[in-house]
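Colleague:
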Amino acid sequence: MTKRIVAYSRLKPPHLDQLRQRFHVDYFEALEGADDPAFREALGQAHGIVGSSLLITPELLDAAPHLEAIATISVGYDNYPVDELTRRGILLCNTPDVLTETTADTGFLLVMAAARRAVELAEYVKRGDWRESIGEAQFGSDVHGKTLGMIGLGRIGAAVARRGALGFGMQVLYSNASPKPELERELGANRCELDELLAQSDFVCVTVPLTPETTHLIGRREFGLMKRSAIFVNIARGKVVDEAALIGALENGEIHAAGLDVFEQEPLSPESPLPHMANVVALPHIGSATHETRDAMAQRAVDNILLALDGRRPISLVNETAWQPAG
Ligand code: NAP
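Residue numbers (my numbering): 390 to 716.
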C-alpha cells in the first residue's frame, strides 16, 4: 500500500518530488487554515504530515486516525501537543542544527542594528535628512566589550554567545535550565540567576523554547530589573515575552531599545506600536529565512518523514518515547 502524506508548507519541486516518489502526496501550497474541507479530507487518510506554522490540536489529530508521523519544518515545536502525540504513538520530528548558525546570525544582526540604530538611520538617509555631518543625536552604543546576557544557552543561544565572546570580545552571562561547563570553558561564560543576568547585562538575548514554564518569562518585573541602557533581543518566540510590558518598558525608558524577530501575534497587528518606535528594530520572523537554510530544513523534514514512515528512526525525533524500533 502506498502511504499518504499531507504537505502544507511551501516546498520546492525537488523536495516534493522526493516525497512523490514514495508516497501519495496531498499538497496544500497556501493553506488558509485547518478548517479547509479538502485539507480535512486529506488528513482522514494521511499517514504523515510535513509542514510548519499550523497549530496542531488534539481535535485535528482525531481527524487523522491513520497518522504515524509529523515532520515539522522548524526546530521549535510549540505548535504541537507533544504528550498527546506520544500517547497516540505518533512520531514528531523537527529540524535542529541546520538552522542554528543562520538564526544566530539574525540574533546578532538585531544586536548590532539596535545598538547602532542601523534601520532608523538608514531611513534617515533615505528620507534625505542627511544634510550635514551627523552629531550626537545620531550616535549609538558600542557592542564590543559589553556584557551579553543569554536567556537560554542551547544550540542557538551558544551560537549567539560564540559570536559575542569570540567576535566582539563580550563578557557572556547565561541563565539556562542546566549548566554548560564546556561553553563556560570555551567562551568564559558565567551562569547566574535570571535576575542577576537582567541587572548586569548590556544586551539581553532570549533563545529559550516556548513552553508553559517560559510563557511570559520576561514581563514588567524583569524589564524593571534591566539597565536603562539595556538592549533587549528576542529571537525565540513572541509569547516568551509579555509584549504589553515590553512596550511599556520601551515607552517609559526602562530599557533603551529592542531588536525583535518574533511577536505574540504574527503577522504583527497593524495596531501594534512596536514597528513605529524609533528604538525598535522589528523583523518579520526571519530567523532561519535564507535560501540555503530553508532548503536544508525542508530536506531534513523530507528525510525525517521518509525514515519514519519506513519504520526507521528519523534523524531528529522530538518524542523519543513514541519510537518503537521494529522487531
Ligand atoms: P535548544 O538547543 O533546545 O536550546 C534551548 C535552551 O533553552 C536549552 O539549553 C534549554 O536548557 C534551555 N531552556 C529550556 N527551558 C528553559 C527554562 N525554562 N529556563 C531556562 N532555560 C531553559 O533549542 P535551539 O535549537 O537553540 O532553539 C531554541 C528556540 O529558538 C526554539 O525552540 C525556537 O522556538 C526558537 N527559534 C526561533 C527561530 C526564529 O525564526 N526566530 C528560529 C529557530 C528557532 P537545557 O540545555 O538544560 O535543556
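Glycine residues also receive a C-beta, built at the ideal position from the N, C-alpha and C atoms.
(1) Whole angstroms is fine: what's the gap from T491's alpha carbon to V464's?
(2) Is the region 686-705 close to the region 506-526, with three or more CB pairs under 8 Å?
(3) Under three-state DSSP, which class holds D415?
(4) On a CA-only basis, which of G676, L649, E653 is nearest P664? Give me that one, please.
(5) Please classify T489: does DSSP put it in a helix, a strand, or coil?
(6) Give me the residue from V532, H605, V549 with the minimum Cα distance to A619.
(7) Any chance the region 571-578 sits against the region 623-631, with 3 or more Cβ pairs inside 8 Å?
(8) Report the residue ranges of all beta strand (DSSP E) runs contained in full by the region 517-543; include only those spanning at least 3 residues, in chain order.
(9) Using 8 Å for Cβ pairs, my map puts T596 next to I545. What's the rounded Cβ distance?
(10) Using a threshold of 8 Å, state whether the C-beta atoms of D424 and V395 are closer than that.
(11) Any chance the region 681-698 sits against the region 483-497, with 3 or more Cβ pairs inside 8 Å?
(12) Please determine, among Q560, D591, A504, S522, the residue with the shortest C-alpha to C-alpha distance to N579.
(13) Let me check you understand the geometry: is the CB of A566 closer than 7 Å to at least one non-hydrogen atom of ligand 1?
(14) If you draw a straight line from the alpha carbon of D472 to that of A566, how long is it in whole angstroms?
(15) Mind checking who V670 pairs with in its DSSP beta bridge?
(16) Mapping DSSP to helix, strand and coil, what is G465?
(17) Taking 6 Å as the limit between beta carbons, can you name the residues of its chain near L537, skipping five residues before and five after?
(18) I'd like to confirm something about L488: is its beta-carbon nearer than 7 Å to some heavy atom of ligand 1, or not?
(19) Identify every residue that forms a DSSP beta bridge with L480.
(20) So, does the region 634-641 touch the region 473-489, judging by three or more C-beta pairs under 8 Å?
(21) Across which residues does DSSP place Y563 in a beta bridge pair?
(22) Below 7 Å, is the gap between the Cβ of V549 and the nearest heavy atom of ligand 1?
(23) Report back the beta-carbon spacing between I624 and G496 to the nearest angstrom; my notes put them in contact at under 8 Å.
(24) Mapping DSSP to helix, strand and coil, what is G422?
(25) Whose C-beta lies closer than 8 Å to the C-beta of R444 among residues of the same chain, with five residues either side of it excluded?
(26) Among M501, D692, P714, G700, which residue has its Cα nearest to the Cα of C410?
(27) Buried or exposed, going by whether 16 or more other CB atoms sit within 10 Å of the CB of G524?
(28) Could you tell me if the beta carbon of P570 falls within a distance shorter than 7 Å of some heavy atom in ligand 1?
Modeller: Answer, in terms of the structure:
(1) 13 Å
(2) no
(3) strand
(4) L649
(5) Reduced to three states, the DSSP call for T489 is helix.
(6) V532
(7) no
(8) 536-540
(9) 5 Å
(10) Contact: no.
(11) yes
(12) Considering only alpha carbons, the answer is Q560.
(13) yes
(14) Per the coordinates, the alpha-carbon of D472 lies some 20 Å from the alpha-carbon of A566.
(15) G648
(16) coil
(17) If we look at L537 and ignore the five residues flanking it on each side, its Cβ neighbours are G553, M559, V561, F592.
(18) yes
(19) A458
(20) No contact exists between the region 634-641 and the region 473-489.
(21) Under DSSP, the beta-bridge partners assigned to Y563 are M539, R580.
(22) no
(23) 4 Å
(24) coil
(25) The amino acid occupying residue 444 in the given sequence is Leu; Arg does not appear at that position. So the list reads A423, N468, once near-sequence residues are dropped.
(26) A small correction: the amino acid at residue 410 is Gln; Cys does not occupy that position in the sequence shown. When C-alpha distances from Q410 are compared across M501, D692, P714, G700, the shortest belongs to D692.
(27) G524 is exposed by the Cβ-count criterion.
(28) no
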